[in-house]
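J.:
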Amino acid sequence: MKTVRRRRPLSRARIVRTSMIYSVAACFVLWILFPIWYTISSSFTEPSKIGVRPTPFWPANPTLDNYKIVLGIPIRDKDCTPGVDIGNCQTAASNVSVNKIVDTMLNSFYVASTVVVITLIISTIAAYSLSRYRFVGSNFFLNFTILSRIVPGLVLVAPIFIFLRVLDLLNTPWALIISYTSFTLPLAIIILKNYFDQISVDLEEAAALDGAGRILTLRLIILPVAVPGLIAAGVLVFLESWSEFFFALVLTDSYTVPPLLAGFLSMQTFNWTLLSAATVIAIIPPVLLTMIFQKYIVTALASGTGK
Amino acid sequence: MPNRRFGFYLALPAILVLLVLLAIPALLTLFQSLFVVPDDGIGIGQFTDVDNYLFIFKNEIFWATCLRSIVFAAIFIIGSTLIGLAGALLLNEKFVGRLFLRGLLVLPWACPWLIVGIIWKWFLDGNIGLLNGVLMRLNLISSNQDFLSNPDTALVMTALAATWRQSCLVALLLLAGLQTMPRDIWDAASVDGAGIIQRFRHITLPWLRPALTVVTVLNVIYGLMQFDVIFAMTQGGPGSATTLLSYLIYRQFFIFTNFGVGSALAVALAVIALIGGLIAVKTLYRKIEV
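The listed protein sequences correspond, in order, to chains A and B.
Numbering-wise, the UniProt record's numbering puts 7 at position 7 of the first sequence, and it's gapless, one number per residue.
Numbering-wise, the UniProt record's numbering puts 136 at position 136 of the second sequence, and it's gapless, one number per residue.
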């Protein structure tokens, strides 16, 4: 009687190891999904079903009504008994200001994209200069930039608040664009400087031999090579601007998404199912961006900030 | 144009912007912390020497809040680092569903801090939160627990919520560090008879030290500055059980418009963060040479 020898005998150690790996993995999945799952499932739950105890894992009759209300899409009248099903009534919902979410997200996009453009233009040339040239105070400037990542926004907020009030910019998108630049600029400079440091100087020397000027070299030779660094910096700046809450709370009247959601929380009668739908919609853009550009961002963060 | 000056001109826009938006406001805050600032915040009012600092240092509330901030930060830093390290080690192994789990890590990380607070407030809700529902089904509790209204649990729970997001970022960053580790070092050590724990201590951990330093500095900053999660979950309550320094400063500035005291508190927070960051860098870097 011959038995075919298994290639990988199931040794005791291997079984222990494999079961360890899968149990830790299961714990991790639970740790990540458990809290956020409730928000997701609530966003598909009818408001009247929210009080069921003990809380179910799965919405009983999944509905898209919360999303429709939040996005301002009319829902059929028969679902709505005014005065009873508050959450299902469009008229009631419009008082609750959740359906501002679309406008507010557009505001957030506007602020974040403008911050990205301004930050990238200023930081690219500054980072290139720090990587290639020495000038009086260049070391000091670099250290100042790195150190400034530790300075809390709370230290800056009062003078910035007063500046903006004097300039009559409070409550405008510019209040946020200006104040966000104070922390996105150092971040982008550090990431891009690290990136330029990795690009060989040979390229520039070759270009100089061919008679290209310094600005032309930067534009035509260096920038195309630096695209991954620019993507990483741009995405991180976008995410920071999209997520920022403190300045947006203090300097504007719920102009971007985080303070809008926070304002919704502080209301006397608010509806968790609607807030859940709004929350899910609000995290779709940053989640997509992070998923798509994950590699660039992680590389930049892991190699960069600690220098 | 000489290279020096060309370099300076390239950096000039950034220098100007950071001067106006960072250096001057920071100095003004430092300045205002020495004065009795009028309510509208314009002008600086009367010079008071270090009275604002004496006021906060003599105040029990300040020290209690400092302690709370440090406890919050400690839970956050240790929790994020340990959970993140476990996650990174796990994802460095080969198993079915590895890519799925890696993708999942992005989910908390991509959430803005405020939304992390909203998600956890709802998750922990004392009436119909999912955690209560699950603990009830498992018969671990007999009645619903209101985690966020209980002064004994509120601080831990807010720190846990913040840890939820940060642990995922830590895992991704440490994983990036692990993946650059040459596999042959491990194999060589294993041939030499080093056990898993020995290999972890003498090979993996030293290799991860630079990444751990980056991560810890980030954790110290986010831990000590945390505002959004507290704002969403507890607004500093119940009582002052979750009032961190950041929240105290916010209230001094924008609720009591007490710019002088607020500025002094903000300077104190910046100093604490700086010390925390330095301690992190010093302890983690020194061990490399040992």
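For each residue, glycine too, the CB sits at the ideal point set by N, CA and C.
This one's a predicted model, so the numbers in the text were calculated from it and none came from an experiment.
(1) Between the Cα of residue 250 of chain A and the Cα atoms of B:244, B:228, B:87, which residue gives the shortest distance?
(2) With H, G and I counted as helix, E and B as strand and the rest as coil, what does DSSP make of residue 95 of chain B?
(3) Taking a Cβ distance cut-off of 9 Å, strictly less, list which residues of the segment 233-261 of chain A are near chain B, in chain order.
(4) In this structure, does DSSP put residue 256 of chain B in helix, strand or coil?
(5) Name the DSSP beta bridge partners of residue 156 of chain B, please?
(6) Shorter than 8 Å from the beta carbon of residue 109 of chain A to some beta carbon of chain B?
(7) Since residue 49 of chain B is in the alpha helix (DSSP H), which residue starts that stretch and which ends it?
(8) According to DSSP, which residues form a beta bridge with residue 44 of chain A?
(9) If I'm right that residue 135 of chain A touches residue 7 of chain B with Cβ under 8 Å, what's the distance once you round it to whole angstroms?
(10) Check whether the segment 274-281 of chain A and the segment 175-183 of chain A touch, using three or more Cβ-Cβ pairs below 8 Å as the test.
(11) Quick one: residues in its chain with C-beta nearer than 7 Å to the C-beta of residue 257 of chain A, no 5 flanking neighbours on either side, listed in chain order?
(12) Looking at chain A, is there any beta carbon in it that lies within less than 8 Å of the beta carbon of residue 86 of chain B?
(13) Going by DSSP in three states, residue 35 of chain B sits in which element: helix, strand or coil?
(14) So, helix, strand or coil for residue 240 of chain B, using DSSP?
(15) Beta-carbon separation of residue 120 of chain A and residue 230 of chain A under 8 Å?
(16) Nearest chain A C-beta to residue 207 of chain B closer than 8 Å, yes or no?
(17) Which chain B residues sit within Cβ distance under 7 Å of residue 129 of chain A?
(18) Assign residue 226 of chain A to one of three DSSP states: helix, strand, or coil.
(19) Could you check the C-alpha separation between residue 277 of chain B and residue 221 of chain B for me, to the nearest Å?
(20) Output needed in chain order: residues of the segment 235-263 of chain B with a Cβ under 9 Å from some Cβ in chain A.
(21) Quick check: the segment 148-164 of chain A against the segment 205-213 of chain A, are there 3 or more CB pairs under 8 Å?
(22) For residue 58 of chain A, does the three-state DSSP call read helix, strand or coil?
(23) Between the segment 109-124 of chain A and chain B, which residues of the former have CB atoms less than 7 Å from a CB of the latter, in chain order?
(24) Could you work out which residue in A:115, A:217, A:198, A:196 is closest to residue 206 of chain A when comparing CA atoms only?
(25) Just verifying my parser: in three-state terms, what is the DSSP assignment at residue 143 of chain B?
(26) Would you mind reading off the limits of the alpha helix (DSSP H) that contains residue 210 of chain B?
(27) Establish whether the CB of residue 106 of chain B and some CB of chain A are separated by less than 8 Å.
(28) Of all Cβ atoms in chain B, is any one closer than 8 Å to the Cβ of residue 96 of chain A?
(29) Ignoring anything shorter than 4 residues or poking outside the segment 231-290 of chain A, list the alpha helix (DSSP H) runs there in chain order.
(30) Count Cβ pairs between the segment 96-106 of chain B and the segment 181-198 of chain B that sit closer than 8 Å; are there 3 or more?
(31) If you draw a straight line from the alpha carbon of residue 83 of chain B to that of residue 298 of chain A, how long is it in whole angstroms?
(32) Alpha carbon to alpha carbon, how far is residue 263 of chain A from residue 254 of chain A?
(33) For the segment 156-184 of chain A, which residues have a CB atom closer than 9 Å to at least one CB atom of chain B, in sequence order?
(34) Whose C-beta lies closer than 6 Å to the C-beta of residue 167 of chain A among residues of the same chain, with five residues either side of it excluded?
(35) Any beta carbon of chain A sitting closer than 8 Å to that of residue 140 of chain B?
(36) With H, G and I counted as helix, E and B as strand and the rest as coil, what does DSSP make of residue 25 of chain B?
T.: The structure says:
(1) B:228
(2) coil
(3) 239, 242, 243, 244, 245, 246, 249, 250, 257, 258, 259, 261
(4) coil
(5) Bridge partners of residue 156 of chain B: none, in fact.
(6) no
(7) Looking at the DSSP string, residue 49 of chain B is not in any alpha helix (DSSP H), and its letter there is neither H nor E.
(8) Residue 44 of chain A is not bridged to any residue.
(9) 5 Å
(10) no
(11) 104, 105, 108, 282
(12) yes
(13) strand
(14) coil
(15) yes
(16) no
(17) 7, 10, 11
(18) coil
(19) 7 Å
(20) 235, 245, 246, 249, 250, 253, 254, 259, 262, 263
(21) no
(22) coil
(23) 122, 123
(24) A:217
(25) coil
(26) 205-225
(27) yes
(28) Note on residue 96 of chain A: pLDDT 49, under 50, position unreliable in the model; no value is reported.
(29) 246-251, 257-265
(30) no
(31) 18 Å
(32) 8 Å
(33) 156, 157, 158, 159, 160, 161, 162, 163, 165, 166, 178, 179, 181, 182, 183
(34) none
(35) no
(36) helix
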